[in-house]
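Here's the structure we're looking at; comments come further down.
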Amino acid sequence: SQTIHQWPATLVQPVGSPLSLECTVEGTSNPNLYWYRQAAGRGLQLLFYSIGIDQISSEVPQNLSASRPQDRQFILSSKKLLLSDSGFYLCAWSVGQLPGANVLTFGAGSRLTVL
Amino acid sequence: AQTVTQSQPEMSVQEAETVTLSCTYDTSESNYYLFWYKQPPSRQMILVIRQEAYKQQNATENRFSVNFQKAAKSFSLKISDSQLGDTAMYFCAFVSYNQGGKLIFGQGTELSVKP
């Protein structure tokens, strides 16, 4: 069966420090991968999505970046965190082809607090 | 641009009763999917139910059912025989058929089931 792992679960970082959140998927190959952010417990905003290694699209301008060094690994990074980067970050995956690509399975999330 | 609106920030229901959560969306697309996701206090996003726009029959999953009104662009969730474990934030989400995985979420409805 497929599983998705996301870490760390909780992170407290000072403003200006770097960030690295990791997400890995097991039990499937060539998944679509996504990073969403949830602010203040409300709606989710898509940040990045990837349909393959080195194929990453950004949805919103920000000081965050994403990388996919391996087929089932997705990393969210920042060189210098801002206060506004605080939030709950969710990784998700879906099967590679439509219509399955529309059904997302989410990781447990990472809570980031920037002080 | 596509939007999803949940007009009820908070709702409560007595255990064993029925509750309906509202969702409306705006799109010019004709082929799309609609979802309800549940986010309990653990913050794990869990798929509750999905509806494909070309299907006229309303989706059901055990105690959960939807009322899909395509012309009105309405997609409400009915929870029957509410249980304490249904306490969670519920998100309505939309994705057009050719935008695999790039879901657009509403702002959520926080549901409390009271004993």
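Chains X and W are the protein sequences, given in the same order. Here my numbering is used: position 5 in the first sequence is -10, and no number is missing along the way. In my numbering, each residue carries its 1-based index in the second sequence increased by 205. Beta carbons are placed, not taken as given, at the ideal position from N, Cα and C, and that holds for glycine.
With 8 Å set as the bound, which would you pick, yes or no: does the beta-carbon of residue i sit closer than that to a beta-carbon of chain W?
i, result
"L49 of chain X", "no"
"V88 of chain X", "yes"
"A24 of chain X", "no"
"Y74 of chain X", "no"
"F59 of chain X", "no"
"L100 of chain X", "no"
"G12 of chain X", "no"
"G28 of chain X", "yes"
"G37 of chain X", "no"
Does chain X have any CB closer than 8 Å to the CB of residue i?
i, result
"L282 of chain W", "no"
"V253 of chain W", "no"
"F310 of chain W", "yes"
"F299 of chain W", "no"
"F269 of chain W", "no"
"Q213 of chain W", "no"
Locate the beta strand (DSSP E) running through residue i, then write down its first and last residues.
i, result
"E11 of chain X", "L4 to E11"
"E315 of chain W", "T314 to K319"
"N48 of chain X", "First-last for N48 of chain X: undefined, no H or E at that position."
"N263 of chain W", "Here N263 of chain W belongs to no beta strand (DSSP E), and DSSP marks it neither H nor E."
"L97 of chain X", "S95 to V99"
"Y19 of chain X", "N17 to Q23"
"E257 of chain W", "I251 to E257"
"L61 of chain X", "Q58 to S63"
"Q(-9) of chain X", "T(-12) to W(-8)"
DSSP three-state label for residue i, please.
i, result
"N87 of chain X", "helix"
"G1 of chain X", "coil"
"G37 of chain X", "strand"
"G290 of chain W", "helix"
"L239 of chain W", "strand"
"S69 of chain X", "helix"
"K278 of chain W", "coil"
"D231 of chain W", "strand"
"Q213 of chain W", "coil"
"R27 of chain X", "coil"
"Y74 of chain X", "strand"
Check this for me: beta carbons of residue i and residue j, under 8 Å apart or not?
i, j, result
"A77 of chain X", "Y19 of chain X", "yes"
"V318 of chain W", "V209 of chain W", "no"
"E257 of chain W", "Y230 of chain W", "no"
"L23 of chain X", "V45 of chain X", "The sequence shown places Gln at residue 23 of chain X, not Leu. Going by C-beta atoms, Q23 of chain X is not nearer than 8 Å to V45 of chain X."
"S71 of chain X", "Q(-9) of chain X", "no"
"L75 of chain X", "F91 of chain X", "yes"
"N15 of chain X", "G305 of chain W", "no"
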